[in-house]
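For the record, the sequence lines run as chains P and X. Take UniProt numbering: the last position of the first sequence gets the number 208, and nothing is skipped along the way. Take UniProt numbering: the last position of the second sequence gets the number 208, and nothing is skipped along the way. We treat Cβ as the ideally placed atom computed from N, Cα and C, and that holds for glycine. For reference, the structure discussed in these notes is given below.
2 protein chains.
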Amino acid sequence: MSDTKPTQQYIRKDDRREMIAEAARALILEKGYAALRTRSVAERVGINISTLHFHVPNKTALVRLVAETSRDAFLALLPPRPDAQRPALAQLRAEVRAYHDSLRDRPELAACFGQLTQVATAEPEVAGILDAFTQDWCRRYAEIVAIGRSQGVFRSTLQPLPAALMITGALASFGPRGPKGLAMFWPVVDEIERSLLVPESRECSDAD
Amino acid sequence: MSDTKPTQQYIRKDDRREMIAEAARALILEKGYAALRTRSVAERVGINISTLHFHVPNKTALVRLVAETSRDAFLALLPPRPDAQRPALAQLRAEVRAYHDSLRDRPELAACFGQLTQVATAEPEVAGILDAFTQDWCRRYAEIVAIGRSQGVFRSTLQPLPAALMITGALASFGPRGPKGLAMFWPVVDEIERSLLVPESRECSDAD
DNA sequence: ATATAAATCAATCATATGATTGATTCATGT
DNA sequence: ACATGAATCAATCATATGATTGATTTATAT
């Protein structure tokens with residue numbers, strides 16, 4: 001008697017694609033990319049497998065969609081680009097905090113980057129997206145390092161690019177499969193800060 | 001007339017398993033874990049699929065085998081464990097050099113560690129192997145940092161564990177899919193060294 | 001030599017998986 | 001109301017894939 005048909009709403013392609021991307025990201029976070037199945041994605045969205053294919057032609061396109069939307073979602077969380085006029089340490093901390101919060105609140109994003117990195121071997125297009133993003137992320141830190149050096153708050157012996165690679169490498173290790181959660185996140189960040197800051201202007205008194 | 005049968009040699013289980021592990025590692029390096037097929041492994045070894053199953057019961061066992069042999073092969077390349085009697089900087093460099101050479105000469109090892117993170121979510125046993133190994137690797141650096149601090153060559157403000165996490169994180173980023181090869185490896189290592197070393201005992205002369 | 005165990009293979013199974021086809025339902029403009 | 005296109009689904013295909021079965025070949029001990 002009661003209509004068991006819950007009046008299914010048709011959803012616009014763009015929105016559906018976003019729902020599909022979200023489901024795929026969640027599944028990648030939970031089971032890893034190797035276990036990602038187009039069927040699982042469709043099921044999670046609550047649509048038929050052929051509807052999935054109507055919106056996303058094949059698995060390669062799905063992976064590309066995940067890569068692009070993950071990148072965009074992450075970039076949207078980052079603070080404004082480095083600015084030579086503002087204090088470098090504050091900018092560094094804002095940058096790190098944004099990353100930390102993304103790990104805490106959107107763990108799928110880092111998880112997808114980690115997993116898709118492993119797929120990149122087989123999918124050049126994904127590799128391109130990831131490489132561009134990684135480079136961009138790294139450049140932000142390189143610029144902050146350069147700014148801090150010119151502001152005199154960071155060591156003058158710092159090389160911006162190597163330092164940035166060191167920082168992003170250290171931070172990236174807190175992605176999924178990091179050392180049991182985020183417990184060591186801030187201690188590591190503190191360590192990074194100490195390694196950047198100009199050495200304690202130690203009193204050169206005769207008594208030490 | 002001529003015996004086309006190249007006198008197939010039977011091979012002992014232990015050796016066969018090592019050949020299988022090696023083939024699997026090579027395939028993981030080339031195509032990624034997601035594309036790893038038991039058939040491909042068997043083919044690469046030059047044996048029938050059922051022979052593969054005779055030596056390695058199922059794919060889970062194969063993955064475990066890869067994880068274990070990769071770990072063992074990598075550990076075998078590392079220098080002696082940290083020793084408080086020896087100079088810390090030399091030990092740090094030996095440790096880093098060993099890792100560098102492993103990336104250059106045995107890229108399958110780092111590749112497998114990276115790729116197996118895809119499985120770790122679904123295979124607790126693999127996760128355990130990877131976690132234990134990562135922790136062990138990190139501890140080596142933590143010990144070197146502690147030694148260097150007590151020897152007075154490293155900053156006294158260093159926290160061994162956070163510093164070690166920073167170092168291993170930075171180094172791990174040079175695994176496969178690192179920033180275009182190993183070009184930036186040594187610059188980053190130099191940056192790490194500068195961040196560890198006690199600050200240039202700057203002359204506190206009045207003229208600067 | 002011959003029996004036993006170890007290692008190997010051909011053939012096959014059962015299911016998983018990405019993808020397609022053609023009909024059906026919903027939304028929207030006229 | 002009705003025509004059109006967008007979104008959806010049930011059913012199905014073709015192949016991939018992990019695994020098994022039972023016979024066959026090689027090694028080894030007696």
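Rounded C-alpha distance that separates residue i from residue j
{"i": "X/Pro-124", "j": "X/Thr-60", "result": "11 Å"}
{"i": "P/Asp-72", "j": "X/Asp-83", "result": "47 Å"}
{"i": "P/Pro-199", "j": "X/Trp-137", "result": "29 Å"}
{"i": "P/Leu-116", "j": "P/Thr-69", "result": "12 Å"}
{"i": "X/Arg-194", "j": "P/Val-188", "result": "17 Å"}
{"i": "P/Ala-107", "j": "P/Gly-175", "result": "The question names Ala, yet the displayed sequence has Pro at residue 107 of chain P. Approximately 8 Å between the Cα atoms of the pair."}
{"i": "P/Gly-114", "j": "X/Arg-12", "result": "38 Å"}
{"i": "P/Asn-58", "j": "P/Val-119", "result": "16 Å"}
{"i": "P/Leu-65", "j": "P/Ala-21", "result": "6 Å"}
{"i": "P/Asp-15", "j": "P/His-55", "result": "10 Å"}
{"i": "X/Tyr-10", "j": "P/Arg-17", "result": "54 Å"}
{"i": "P/Gly-178", "j": "X/Thr-168", "result": "12 Å"}
{"i": "X/Glu-191", "j": "P/Leu-161", "result": "10 Å"}
{"i": "X/Ala-94", "j": "P/Arg-155", "result": "26 Å"}
{"i": "X/Tyr-33", "j": "P/Arg-37", "result": "15 Å"}
{"i": "P/Arg-39", "j": "X/Val-153", "result": "58 Å"}
{"i": "X/Ala-111", "j": "X/Arg-104", "result": "12 Å"}
{"i": "P/Leu-75", "j": "P/Val-63", "result": "18 Å"}
{"i": "residue 210 of chain P", "j": "P/Ala-23", "result": "No statement about residue 210 of chain P is possible, as the shown extent of chain P runs from 1 to 208 and does not include it."}
{"i": "X/Leu-165", "j": "P/Leu-130", "result": "24 Å"}
{"i": "P/Asn-48", "j": "P/Lys-31", "result": "21 Å"}
{"i": "P/Trp-186", "j": "X/Thr-157", "result": "15 Å"}
{"i": "residue 213 of chain X", "j": "X/Leu-109", "result": "Past the edges of chain X, shown from 1 to 208, lies residue 213 of chain X, and the structure says nothing about it."}
{"i": "X/Ser-150", "j": "X/Leu-196", "result": "13 Å"}
{"i": "X/Tyr-141", "j": "X/Leu-78", "result": "12 Å"}
{"i": "P/Ala-35", "j": "P/Thr-134", "result": "25 Å"}
{"i": "X/Ala-132", "j": "X/Ala-122", "result": "17 Å"}
{"i": "P/Ala-170", "j": "X/Arg-139", "result": "15 Å"}
{"i": "X/Val-126", "j": "P/Leu-52", "result": "32 Å"}
{"i": "P/Val-96", "j": "X/Val-96", "result": "26 Å"}
Three-state class that DSSP yields for residue i in the structure shown
{"i": "P/Phe-74", "result": "helix"}
{"i": "X/Phe-174", "result": "coil"}
{"i": "P/Leu-197", "result": "strand"}
Range covered by the alpha helix (DSSP H) that runs through residue i
{"i": "X/Gln-118", "result": "107-120"}
{"i": "P/Ala-26", "result": "13-31"}
{"i": "X/Glu-125", "result": "124-151"}
{"i": "X/Phe-54", "result": "49-55"}
{"i": "X/Ser-40", "result": "38-45"}
Check whether the segment 18-30 of chain P and the segment 38-47 of chain P are in contact - that is, three or more C-beta pairs closer than 8 Å.
Contact holds: three or more Cβ-Cβ distances are below 8 Å.
With 7 Å as the C-beta to C-beta threshold (strictly closer), list the residues of the segment 12-35 of chain X near chain P in chain order.
Residues passing the 7 Å Cβ filter: Lys-31, Gly-32, Tyr-33, Ala-34 and Ala-35.
Could you say if the segment 181-189 of chain X and the segment 95-114 of chain X meet the contact criterion of at least three C-beta pairs nearer than 8 Å?
Taking a cut-off of 8 Å on C-beta distances, the segment 181-189 of chain X touches the segment 95-114 of chain X, as three or more cross pairs fall below it.
Members of the segment 117-138 of chain P near chain X, C-beta cut-off 7 Å
Those residues of the segment 117-138 of chain P placed with their C-beta closer than 7 Å to a C-beta in chain X are Thr-117, Gln-118, Val-119, Ala-120, Thr-121 and Ala-122, ordered along the chain.
Contact residues within the UniProt DNA-binding region "H-T-H motif" (37-56) of chain P, judged by C-beta distance below 8 Å to chain X:
Residues of the UniProt DNA-binding region "H-T-H motif" (37-56) of chain P whose Cβ lies closer than 8 Å to any Cβ of chain X: none.
Check each residue of the segment 99-119 of chain X: if its Cβ is closer than 7 Å to any Cβ of chain P, include it; give the result in chain order.
When C-beta distances to chain P are compared with 7 Å, the residues of the segment 99-119 of chain X below that value are Gly-114, Gln-115, Thr-117, Gln-118 and Val-119, in chain order.
When you compare the segment 86-95 of chain P with the segment 146-158 of chain P, are there three or more beta-carbon pairs, one atom per stretch, that lie closer than 8 Å?
The segment 86-95 of chain P, when compared against the segment 146-158 of chain P, does touch it at the 8 Å Cβ threshold.
Looking at chain P, which residues of the segment 181-192 of chain X have a Cβ within less than 8 Å of any of its Cβ atoms?
Within the segment 181-192 of chain X, the qualifying residues are Met-184, Pro-187, Val-188, Asp-190, Glu-191 and Ile-192.
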